[in-house]
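First to last, the protein sequences are chains E and H. Under this note's numbering, residue 640 is the last one in the first sequence; the count climbs by one each step, no gaps. Under this note's numbering, residue 701 is the last one in the second sequence; the count climbs by one each step, no gaps.
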Amino acid sequence: MNNNIVENLKKEINNFSLQLKIEKVGHVIEVFDGIVKVSGLSDIKSSEMVTFPGGETGVALNLEEDAVGVIILGDFSKIKEGDEVKATGRILEIPVSDNILGRVVNGLGLAIDGKGAIKSEKTYPIEKVAPGVVTRLSVDQPVATGIKVIDAIIPVGRGQRELIIGDRQTGKTAIAIDAILNQKGQNMICVYVSIGQKDSKLRKIEARLEAGGAMAYTVIVSAGASEAAALSYIAPYTGVSIAEYFMDQGKDVMIIYDDLSKHAVAYREISLLLRRPPGREAYPGDVFYLHSRLLERACRRNEKYGGGSITAFPIIETQAGDISAYIPTNVISITDGQIFLETDLFYKGIRPAVNVGFSVSRVGSTAQIKAVKKVAGTLKLDLAQFRELEAFAQFGSDLDESTKRQLERGKRAIEVLKQPQYAPMKIEHQVVVFYALVKGYMDDVPLEKIKAFETGLIEYSERNAKTFYKEVLEKKMWAEKGEAELIKAIEDFKSGFNK
Amino acid sequence: MAIATNNDIAKAIYLASKENPVNVVTETVRFFARKRLMSRAPDILARLEKIVHKAENKIRAKVTSAEQLGQTEKSNIEHFLKKRYEVTGILFEEVVDKKVVGGVKIEIDDEVLDLTVKNRIHKLQEYLIS
């Protein structure tokens, strides 16, 4: 046994070859709040990694004439004035491998879930230029989130950037988690980036994903509220680098940034400490670029360049529903649409609390499957008309038949769009439910029985309209035979349900 | 208004010294006092030294070794540095430090060539841990 250790050590020492080269070094001038000013390091690049004597890593952000401003990624309490700082010549990079799936990592890509180190042979730089136009494809493949209101009215395609925006406690994270849970068997890798969240919340999310069997295809990148602002700043870039690693293998990836408001705040903190001039709301001048360069890395690549896609769901938390604040307007303009969540709707019991009027998907409709498009095509307009009529109906009681019908249909549509948390619905089931709604089969079902009707109809139709399901799943649209079968199933179920 | 960096001030002192070498010391001290730059003086003077050396085609090299360097070793290092930095003169600053165990460490501005035994052991340690 002992002989083996000695032999192994000898072997390793023999394998060791030292290549001594001239290194660029600097010296710490001052240390404060996770920022270090370094003299020297004359040829350093922006975002280059530097190392300190205690093994800490930093990133050079401010390249000034006299000094270099470095942010410390980790504990800065051991760094002293006069310490030697070495430039590495490399842009900050993280280890990546397939073993990262199912793990929780920090902003530097290192495991923090207590399951041991992640073996990896490759590294990816966290800052990368987004894929160019020639490498891209337009969005035409759907992402099934399993949330009826999103899949029907605000459809999202693979490679799209869809913002989830709303006040605190309106269900933004719930939508993201539901979307991850629904990716089981959909050939999608998920990356959840948690920025400045409470560790207890992250633990809850991890447990929920684990229970739903979603951790098998998910990676969680966490920069907690107690960690340095520098780690919150790099966490989304780490997340997208992990996503790019999988995309480079031709896989489809979904990434959630929860949330970019806290990311902007972390960057503001760093910028102010680096003494960069503050602009609107004290954010630095390049806060738009901070998010645009991140979200531009979401794309769908053509086959010639390896295929694969990154679909991004950035989350923004608004204050008192103010979407005209600086960061919300920035991210709205960068993304391909937004899912707007409202506190009022949430407390009215309409959950997910999506405001259909303010929400939009600019490119997703091309990705929506034909069957969903057919049944949900007019739903948005119908709901808008319902809201208008509902407002008028409050003033008078004498309404004509068609208006009454429209109001009843609208109420049922809202009831159908309600969905409990962690209960994503398969796309074929959604088609059946919306079909029954838009064809008027639910018009005479009492409002309080809509949910029971929906559940029952799904169960019944699955057994009695197999052709319809087969057609929708295989051809993405039903044919005459399948439709006739579904109509019969709905009518049969309804006659039994009304008894 | 742009803030004058330490480098800008050092360059200005150098140019002033070329025009009026007699009064430059007094004027510089007065300028530092008037503009409250005394705390920045060491860095400004270090930069001024570099500017002067550059103008004279010289460099300052700090050489750390475990033992006092012999004449041959010194001339070998001088030859190497003159060739690498394309300068005519080398100003040696010799430091004897037993902690480096053996070999030499050469520092020129922010460049370091560490050929000490201490560094080799440290690198071997890093290699074995990883």
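Every residue, glycine too, gets a C-beta built ideally from N, C-alpha and C. This one's a predicted model, so the numbers in the text were calculated from it and none came from an experiment.
Tell me whether Q479 of chain E sits in a helix, a strand or coil according to DSSP, three-state version.
-> Q479 of chain E falls in the strand class under three-state DSSP.
Going along chain H, which residues have a C-beta under 7 Å from G167 of chain E?
-> Simply D681.
For T264 of chain E and L578 of chain E, the rounded distance between their alpha carbons = Answer to the nearest angstrom: the Cα atoms are 51 Å apart.
Flag G181 of chain E as yes if its beta-carbon sits less than 8 Å from any beta-carbon of chain H, otherwise no.
-> It does: the Cβ of G181 of chain E has a partner Cβ on chain H nearer than 8 Å.
Return yes when the Cβ of N578 of chain H is within less than 8 Å of the Cβ of D207 of chain E, no when it is not.
-> Going by C-beta atoms, D207 of chain E is nearer than 8 Å to N578 of chain H.
Verify the CB distance criterion: does T576 of chain H have a CB-CB separation below 8 Å to chain E?
-> Judged by the 8 Å Cβ criterion, T576 of chain H is in contact with chain E.
Taking just the CA atoms, how far does V172 of chain E sit from L486 of chain E?
-> Answer to the nearest angstrom: the Cα atoms are 48 Å apart.
Contacts around H432 of chain E, its chain only, beta-carbon distance under 7 Å, and the 5 residues preceding and following it disregarded = Excluding sequence neighbours, H432 of chain E sits near L401, N471, V472, I475.
Per-residue burial, M388 of chain E [other beta carbons within 10 Å of its own, 16 or more giving buried] | When all chains shown are included, M388 of chain E counts as buried.
Hey, quick one: how far does the beta strand (DSSP E) through Y265 of chain E stretch, first residue to last?
-> Counting along the chain, the beta strand (DSSP E) containing Y265 of chain E begins and ends at 263-266.
Kindly list, in the order they appear in chain E, the residues whose Cβ is closer than 7 Å to that of D668 of chain H.
-> Within chain E, no C-beta atom comes less than 7 Å from the C-beta of D668 of chain H; the nearest is roughly 14 Å away.
List the whole-angstrom C-beta distance separating E164 of chain E from K227 of chain E, where the pair is believed to meet the contact cut-off of C-beta under 8 Å.
-> Rounded to whole angstroms, the Cβ separation of E164 of chain E and K227 of chain E is 6 Å, and the two are in contact under 8 Å.
Opening and closing residue of the beta strand (DSSP E) in which P236 of chain E lies = Counting along the chain, the beta strand (DSSP E) containing P236 of chain E begins and ends at 234-237.
Run the CB neighbour count on L304 of chain E, radius 10 Å, all protein chains shown included, and call it buried at 16 or more, exposed below.
-> L304 of chain E sits buried, since 16 or more C-beta atoms from the chains shown fall within 10 Å of its C-beta.
Going by other Cβ atoms of all chains shown within 10 Å of its Cβ, with 16 needed for buried, is E458 of chain E buried or exposed?
-> Label assigned to E458 of chain E: buried.
Where G623 of chain E sits in the DSSP three-state scheme = Per DSSP, reduced to three states, the secondary structure at G623 of chain E is helical.
Boundaries (first-last residue) of the beta strand (DSSP E) holding E164 of chain E = For E164 of chain E, the enclosing beta strand (DSSP E) has its first and last residue at 164-173.
Measuring CA to CA, which of H:V671, H:D685, H:E665 is closest to Q642 of chain H?
-> When only C-alpha atoms are compared, the closest one is H:E665.
Under 7 Å by beta carbon: chain H residues contacting F157 of chain E | Result: L695, Y698.
Simplified DSSP assignment, three categories, for N471 of chain E | In this structure, N471 of chain E counts as helix in the three-state DSSP scheme.
To which residues does DSSP link G199 of chain E through a beta bridge?
-> By DSSP's assignment, G199 of chain E forms a beta bridge with E:V191, E:I213.
Can you round the beta-carbon distance between N323 of chain E and A285 of chain E to whole angstroms, since I take them to be within the 8 Å contact cut?
-> The Cβ separation is near 6 Å, so the contact holds.
Pick out whichever of E:G449, E:K289, E:I468 has its Cα sitting closest to the Cα of R421 of chain E.
-> When only C-alpha atoms are compared, the closest one is E:I468.
Please classify P613 of chain H: does DSSP put it in a helix, a strand, or coil?
-> Here P613 of chain H sits in helix by DSSP.
Member of E:G478, E:P493, E:D477 whose CA lies at the smallest distance from the CA of T484 of chain E = Restricting attention to E:G478, E:P493, E:D477, the CA atom closest to the CA of T484 of chain E is found in E:P493.
Along the chain, which unbroken stretches of the alpha helix (DSSP H) at least 4 residues long are found entirely within the stretch 272-298 of chain E?
-> Counting whole runs of 4 or more residues, the stretch 272-298 of chain E contains the alpha helix (DSSP H) stretches 289-294.
Between the CA atoms of C440 of chain E and R302 of chain E - distance to the nearest angstrom = Note on geometry: alpha-carbon atoms of R302 of chain E and C440 of chain E lie some 8 Å from one another.
Limits of the alpha helix (DSSP H) - the one that P587 of chain E falls within | That residue, P587 of chain E, is in no alpha helix (DSSP H); it is neither H nor E in DSSP.
Positions along the stretch 198-218 of chain E whose CB lies within less than 7 Å of some CB in chain H = The stretch 198-218 of chain E vs chain H, Cβ under 7 Å: E206, D207.
Throw me the rounded Cβ distance for the G248 of chain E and V209 of chain E pair, which I believe falls under 8 Å.
-> In fact, because the Cβ distance is near 21 Å, the residues do not count as touching under 8 Å.
By Cβ distance, which residues of its chain are closer than 8 Å to V200 of chain E, with the 5 residues on each side in sequence left out?
-> The answer, listed in chain order, is S188, E189, M190, V191, V211, I212, L214, L233, A371, I375.
Which residue spans inside the stretch 486-511 of chain E form an unbroken alpha helix (DSSP H) run of at least 4?
-> For the stretch 486-511 of chain E, not a single whole alpha helix (DSSP H) run of length 4 or above is found.
Can you tell me whether L343 of chain E is buried or exposed, with buried defined as 16 or more other CB within 10 angstroms of its CB?
-> Per the 10 Å Cβ criterion, buried.
Just checking my contact of L204 of chain E with I176 of chain E at CB under 8 Å: how many whole Å lie between their CB atoms?
-> In fact, because the Cβ distance is near 14 Å, the residues do not count as touching under 8 Å.
Interface flag, L619 of chain H vs chain E, CB-CB below 8 Å | So no, L619 of chain H is outside the interface.
Count the C-beta pairs between the stretch 607-619 of chain H and the stretch 639-653 of chain H that are closer than 8 Å, then say yes if the count reaches three, no if not.
-> Not touching, per the Cβ criterion.
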